[in-house]
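**Student:**
Residue numbers (this note's numbering): 3 to 247.
1. Going straight from the alpha carbon of residue 164 to that of residue 97, what length do you get?
2. Mind checking whether residue 88 and residue 158 have CB atoms under 8 Å apart?
3. Note the first and the last residue of the continuous alpha helix (DSSP H) segment covering residue 177.
4. Comparing C-alpha positions only, which one of 210, 27, 63 sits nearest to residue 242?
5. Quick one: give me the first and last residue of the alpha helix (DSSP H) that residue 164 is part of.
6. Can you give the Cα-Cα distance for residue 206 and residue 44, rounded to whole angstroms?
7. Leaving out the 5 sequence neighbours to the left and right, which residues in its chain are closer than 7 Å to residue 210 when beta-carbon positions are compared?
8. Can you check which of these residues, 46, 55, 176, is closest to residue 101 by C-alpha distance?
9. Hey, could you find the ends of the beta strand (DSSP E) residue 207 is sitting in?
10. What first and last residue would you give for the alpha helix (DSSP H) that runs through residue 2?
11. Which whole runs of the beta strand (DSSP E) in the segment 90–134 are 3 residues long or more, in chain order?
12. State the Cα-Cα distance for the pair residue 153 and residue 134, rounded to the nearest angstrom.
13. Which first and last residues belong to the beta strand (DSSP E) in which residue 72 is found?
14. With DSSP run on the structure shown, which of helix, strand or coil describes residue 186?
15. Is the separation between the beta-carbon of residue 18 and that of residue 5 shorter than 8 Å?
16. Given that a residue counts as buried once 16 or more other Cβ atoms are within 10 Å of its Cβ, and exposed if not, what is residue 66?
17. Can you tell me where the alpha helix (DSSP H) holding residue 15 begins and where it ends?
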């Protein structure tokens, strides 16, 4: 998991709840976005690797050669310059699934731009339609980020199934704006009909002990009777684990 913020880490966290062994890789010294790191860290281990260091790049190559899924959320071209693009990983590992997540999509004039949740909502029109002529505003949650992560995880599961039947290497691509356009196409709900209960989810929360202290959080959303989704470990501290499988 070489992704930041929410969409990519949510993809990897979702795979972790279905049994994947997930290793989160981050650069030492990168600014800590602790609430997001904790929220998306369930079921993962976390290690430091500095891709400016040739030895660390070699270590990442060794990890990639043994992985089933290589997930990253950098803008197009960023990892290709470091030797970790889709064709590079395909040459290192036997039949990997490569995941690319960005803001503006993987074709068109904005594909190389940096972007995040608020920009995706504004770009795709999610902030514009307001009941009764009210001013534009952001949705009350990171809807593009989280849904993009879930959709990317679904894409990985489909790719792994097809790989088991057909072989080959697979590339899963998702973007915040693609998700935003899909959401915008579903139409809106008049907010006067929406539940106004800030404690709506309180009864769903579970508590666990972590190295950050006691944490209350939502469990996996799905229920599967024979293979119940779950996380094998609490969110790790950043860089607490060695970069090895």
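Beta carbons: idealized from backbone N, C-alpha and C, even for Gly.
**Tutor:** So, from the listed chains and residues:
1. 11 Å
2. Residue 88 is not a Cβ neighbour of residue 158, given a cutoff of 8 Å.
3. Residue 177 -> not in any alpha helix (DSSP H); beta strand (DSSP E) instead, spanning 172–177.
4. Nearest option by C-alpha distance: 27.
5. 145–168
6. 17 Å
7. 217, 236
8. Between residue 101 and the set 46, 55, 176, the nearest pair of CA atoms involves 176.
9. Premise fails: residue 207 is in no beta strand (DSSP E) and is neither H nor E.
10. No statement about residue 2 is possible, as the shown extent of the chain runs from 3 to 247 and does not include it.
11. 99–104
12. 32 Å
13. 71–74
14. helix
15. no
16. buried
17. 9–19
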